[in-house]
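*Asks:*
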Amino acid sequence: MSEVKGMQQAAEAGSQQAPGSPAGSSLFPTYARNPVALVKGQGSWLWDEEGNKYLDFMSGLAVTNLGHAPQEIKEALVQQLDELWHVSNLFRIPGQEEAAALLTANSHADAVFFCNSGAEANEAAIKLARRYQQKVLGSGRYEIITFQQSFHGRTLATLTATGQDKVKEGFQPLPDGFKHVPLHDLEALKAAIGSQTAAIMLEMIQAEGGVNLVDPAYLKEVAALCEEHGLLLIVDEIQTGMGRTGKLFAFEHYGIEPDIFTLAKGLGSGFPVGAMLAKGKLAPAFGPGSHGSTFGGTPLACAVVKATVKAIVDSRLPERAAEMGAYLRQKLEDQLLGSSFVKEIRGRGLILGIECGAAVSELVTEAREQGLLVVTAGPNVIRLLPNLLVTQEEIDQAVGVLVSLLSRQGAAAKV
Ligand SMILES: *Cc1c(COP(=O)(O)O)cnc(C)c1O
Numbered sequence: 000m001s002e003v004k005g006m007q008q009a010a011e012a013g014s015q016q017a018p019g020s021p022a023g024s025s026l027f028p029t030y031a032r033n034p035v036a037l038v039k040g041q042g043s044w045l046w047d048e049e050g051n052k053y054l055d056f057m058s059g060l061a062v063t064n065l066g067h068a069p070q071e072i073k074e075a076l077v078q079q080l081d082e083l084w085h086v087s088n089l090f091r092i093p094g095q096e097e098a099a100a101l102l103t104a105n106s107h108a109d110a111v112f113f114c115n116s117g118a119e120a121n122e123a124a125i126k127l128a129r130r131y132q133q134k135v136l137g138s139g140r141y142e143i144i145t146f147q148q149s150f151h152g153r154t155l156a157t158l159t160a161t162g163q164d165k166v167k168e169g170f171q172p173l174p175d176g177f178k179h180v181p182l183h184d185l186e187a188l189k190a191a192i193g194s195q196t197a198a199i200m201l202e203m204i205q206a207e208g209g210v211n212l213v214d215p216a217y218l219k220e221v222a223a224l225c226e227e228h229g230l231l232l233i234v235d236e237i238q239t240g241m242g243r244t245g246k247l248f249a250f251e252h253y254g255i256e257p258d259i260f261t262l263a264k265g266l267g268s269g270f271p272v273g274a275m276l277a278k279g280k281l282a283p284a285f286g287p288g289s290h291g292s293t294f295g296g297t298p299l300a301c302a303v304v305k306a307t308v309k310a311i312v313d314s315r316l317p318e319r320a321a322e323m324g325a326y327l328r329q330k331l332e333d334q335l336l337g338s339s340f341v342k343e344i345r346g347r348g349l350i351l352g353i354e355c356g357a358a359v360s361e362l363v364t365e366a367r368e369q370g371l372l373v374v375t376a377g378p379n380v381i382r383l384l385p386n387l388l389v390t391q392e393e394i395d396q397a398v399g400v401l402v403s404l405l406s407r408q409g410a411a412a413k414v
């Protein structure tokens, strides 16, 4: 295509652009993008194409848990690039077996299915729960109960599982077999359970939904209900897993062992990969031909998973996340809880939410303009997701920016 035609098309496309899509872009306007192009990353820092530097406290949404361009992961990937990129799952893949063995050695799970994203991991979990109930137990159960404000992904089944209407608008009809109840309402949960119920699925911290922590006593009741009614307990660890909360998996804080749990974001340090893990009793439900993914668990992805899991476990990064998270939280509490604008600071380890008295999207933009990247979790919550190797100096810098922005809001609110 000639340059002139390209420009004309871009201009025409630009004139029909939905809000949020940069003029002249050939992309769907699915994201409300920041007008910033990040082109380089190292550790906790990112640089845009104009050379501006940013302190990254969102980590690509809890993905780059080891910081940007971590050396040991890069080495594992480069070594694998020299050997083999892709082979069909119709063959044994030793790297995939090793990655699975590392994950099962570091959890109560016995079996792993690799895929490419969080939504796919949850799809696999939903399919496994149904198939186990129907093929192994012969119970015919199919319904999954999930919670309001949850987030489980964007495929048809996982957006249906998600407890937020905004992800469902315009996508009807939705798949059958999902029910939502308010979190922490035990009577509503009991009332929702019936002879068709196959599983209960939840996040230990509703991350997208506002950094809402599950109450330990409530979770014990949920686990007991699963036991009593023969339901599977599915935990979505896609955002909370891989050390972020101070344990390798957030359910470890609660002393429960879910039948199924899902991973993605931090699992590949930025390489796209997801995984669904389950107790051994569920393995027969996914026999040959029952489920699959062309790209699930390629040699490249598994080289990255192995290096990532080893780095997190060997360097005790969950403990580090707990310590650094406590340091960050203390600083925020000391300097912000007096502000009339800040309602609550909550979270665990290095996933923290600052709940404010009004919408925070403009504050997030201002933070970016001052060189700090953070993200919202619902309209009123600023979510902090630094990498697990973040330093105290970096935390001090980030807190400095947040305190100056938020105390100004507090002062404005008092006027
Ligand atoms: C991000 C996320 C997902 C979806 O993951 P994708 O890789 O975007 O499909 C599902 N559940 C939770 C809790 C998440 O944070």
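Residue numbers (numbering that gives the first Met the number 0): 0 to 414.
All residues carry an ideal CB built from backbone N, CA and C; glycine is no exception.
1) Please confirm whether H252 has its beta-carbon closer than 8 Å to some beta-carbon of chain B.
2) If you reduce the DSSP assignment to three classes, tell me which class I233 lands in.
3) Alpha carbon to alpha carbon, what distance is there between L404 and S149?
4) Please list, in chain order, all residues of the same chain as L83 whose beta carbon is under 7 Å from its beta carbon, the five residues on each side excluded.
5) Can you tell me whether DSSP reads E256 as helix, strand or coil?
6) Given a cut-off of 8 Å, decide if T375 and R367 are closer than it, judged by their beta-carbon atoms.
7) Could you check whether the Cβ of G269 sits closer than 7 Å to any heavy atom belonging to ligand 1?
8) Where does the unbroken beta strand (DSSP E) through E354 begin, and where does it stop?
9) Of the residues G169, M241, R243 and L230, which one's Cα is nearest the Cα of Q132?
10) Three-state secondary structure (DSSP) at E53?
11) Using 8 Å as the Cβ pair cut-off and three pairs as the minimum, do the stretch 315-327 and the stretch 102-122 touch?
12) Flag I237 as yes when its Cβ comes closer than 7 Å to any non-hydrogen atom of ligand 1, and as no otherwise.
13) So what does DSSP say about G40, is it helix, strand or coil?
14) By the three-class DSSP mapping on this structure, what secondary structure does H179 have?
15) N417: buried (16+ other C-beta within 10 angstroms of its C-beta) or exposed?
16) Indicate the three-state DSSP secondary structure (helix, strand or coil) for K278 in the structure shown.
17) Which ranges does the beta strand (DSSP E) cover as unbroken runs of at least 3 residues, wholly within the stretch 285-365, from first to last along the chain?
18) Using only alpha-carbon positions, find the residue among R347, L371 and L262 that is nearest to E122.
19) Which residue wins for smallest C-alpha separation from G356, given the options R407, S339, F270 and V389?
20) If you measure from the CB of K52, is any heavy atom of ligand 1 nearer than 7 Å?
21) At a cut-off of 7 Å, would you count S118 as near ligand 1, judging by its Cβ distance to the nearest heavy atom?
22) Put R382 into one of helix, strand or coil per three-state DSSP.
23) Could you check whether the Cβ of A376 sits closer than 7 Å to any heavy atom belonging to ligand 1?
24) Is any heavy atom in ligand 1 found nearer than 7 Å to the beta carbon of K264?
25) Are there any heavy atoms of ligand 1 lying less than 7 Å away from the beta-carbon of H179, as far as the coordinates show?
26) Just confirm the distance between the C-beta atoms of V210 and G346, as a whole number of angstroms; I'd bet it's less than 8 Å.
27) Is R211 near ligand 1 - that is, is its Cβ less than 7 Å away from at least one heavy atom of it?
28) Verify the contact flag: F150, CB atom, against every heavy atom of ligand 1, threshold strictly below 7 Å.
29) Report buried or exposed for K165, applying the criterion of at least 16 other Cβ atoms within 10 angstroms of its Cβ.
30) The alpha helix (DSSP H) with L224 in it runs from where to where?
31) How would you label G5, buried or exposed, when you count the other beta carbons within 10 angstroms and need 16 or more for buried?
32) Quick one: give me the first and last residue of the beta strand (DSSP E) that E142 is part of.
33) Quick one: Cα of G295 to Cα of A100, how far?
34) I'd like the span of the alpha helix (DSSP H) that includes T159, first residue to last.
35) Three or more beta-carbon pairs under 8 Å between the stretch 193-207 and the stretch 88-97, yes or no?
36) Cβ of E202 versus every heavy atom of ligand 1: is any distance shorter than 7 Å?
*Replies:* The short version:
1) Here chain B cannot be found, since the structure has a single protein chain.
2) To locate residue 233, count along the sequence shown from 1; it is residue 234. Strand at I233.
3) Here the question's residue 149 lines up with position 150 in the sequence shown. Here the question's residue 404 lines up with position 405 in the sequence shown. Whole-angstrom Cα-Cα distance: 29 Å.
4) If you number the sequence shown from 1, residue 83 lands on position 84. Closer than 7 Å at the Cβ level, and outside the excluded window around L83, lie P298.
5) Within the sequence shown, residue 256 is the residue found at index 257, counting from 1. E256 falls in the coil class under three-state DSSP.
6) Mapped onto the sequence shown, residue 367 falls at position 368. Mapped onto the sequence shown, residue 375 falls at position 376. The answer is no: Cβ separation not under 8 Å.
7) In the sequence shown, the residue the question calls residue 269 occupies position 270. It does not: the Cβ of G269 is nowhere closer than 7 Å to a heavy atom of ligand 1.
8) Here residue 354 is taken as the residue at index 355 of the sequence shown, counted from 1. From DSSP, the beta strand (DSSP E) with E354 extends over I350 to C355.
9) For the purposes of this step, residue 132 is taken as residue 133 along the sequence shown, with counting starting at 1. For Q132, the nearest C-alpha among the options comes from L230.
10) Mapped onto the sequence shown, residue 53 falls at position 54. It should be noted that the sequence gives Tyr, not Glu, for residue 53. If DSSP states are grouped into helix, strand and coil, Y53 belongs with the strands.
11) no
12) Stepping through the sequence shown from its first residue, residue 237 is reached at position 238. Short note on I237: C-beta closer than 7 Å to some heavy atom of ligand 1.
13) Locating residue 40 in the sequence shown gives position 41, counting from the first residue. G40: strand per DSSP, three-state reduction.
14) The count along the sequence shown starts at 1 and reaches residue 179 at position 180. Looking at H179 - three-state DSSP - the assignment turns out to be strand.
15) With the chain covering only 0 through 414, there is no way to say anything about residue 417.
16) Residue mapping note: residue 278 aligns to position 279 of the sequence shown, counting from 1. In the structure shown, K278 sits in coil (DSSP, three-state: anything other than H, G, I, E or B).
17) 341-347 and 350-355
18) Position 123 of the sequence shown, counted from the first residue, corresponds to residue 122. It is L262.
19) In the sequence shown, the residue the question calls residue 356 occupies position 357. Measuring from the Cα of G356, the nearest candidate turns out to be S339.
20) If you number the sequence shown from 1, residue 52 lands on position 53. No - ligand 1 has no heavy atom lying nearer than 7 Å to the Cβ of K52.
21) Working through the sequence shown from its first residue, we reach residue 118 at position 119. For the sequence presented, residue 118 should be read as Ala rather than Ser. Checking the Cβ of A118 against ligand 1 gives yes.
22) In the sequence shown, counting from the first residue as 1, residue 382 sits at position 383. R382 falls in the strand class under three-state DSSP.
23) As a working note, residue 376 is residue 377 in the sequence shown. No; taking the cut-off as 7 Å, the Cβ of A376 has no heavy atom of ligand 1 nearer than that.
24) On the sequence shown, position 265 is the one that residue 264 refers to. At least one heavy atom of ligand 1 is nearer than 7 Å to the Cβ of K264, so yes.
25) As a position in the sequence shown, residue 179 is number 180, starting the count at 1. H179: no, Cβ never under 7 Å from ligand 1.
26) In the sequence shown, the residue the question calls residue 210 occupies position 211. In the sequence shown, the residue the question calls residue 346 occupies position 347. At roughly 5 Å, the Cβ-Cβ gap stays under 8 Å, so V210 and G346 are in contact.
27) Here residue 211 refers to the residue found at position 212 of the sequence shown. The displayed chain sequence assigns Asn, not Arg, to residue 211. Checking the Cβ of N211 against ligand 1 gives no.
28) In the sequence shown, counting from the first residue as 1, residue 150 sits at position 151. Yes - ligand 1 has a heavy atom lying nearer than 7 Å to the Cβ of F150.
29) Counted from its first residue, the sequence shown places residue 165 at position 166. Answer is exposed; the Cβ neighbour count stays below 16.
30) On the sequence shown, residue 224 is found 225 positions in, with the first residue counted as 1. Bounds of the alpha helix (DSSP H) holding L224 are P215 to H228.
31) In the sequence shown, counting from the first residue as 1, residue 5 sits at position 6. Residue placement at G5 is flagged as unreliable, the pLDDT there being 43, under the threshold of 50; the coordinate-derived value follows with that caveat. G5 is exposed by the Cβ-count criterion.
32) Stepping through the sequence shown from its first residue, residue 142 is reached at position 143. From DSSP, the beta strand (DSSP E) with E142 extends over E142 to F146.
33) As a first step, residue 295 is located in the sequence shown; it is residue number 296 there, counting from the start. As a first step, residue 100 is located in the sequence shown; it is residue number 101 there, counting from the start. Cα to Cα, G295 sits roughly 16 Å from A100.
34) By 1-based counting over the sequence shown, the position of residue 159 is 160. Looking at the DSSP string, the run of the alpha helix (DSSP H) that includes T159 is L155 to A160.
35) Pairwise C-beta distances place the stretch 193-207 out of contact with the stretch 88-97, as fewer than three of them are shorter than 8 Å.
36) In the sequence shown, counting from the first residue as 1, residue 202 sits at position 203. For ligand 1, at least one heavy atom lies less than 7 Å from the Cβ of E202.
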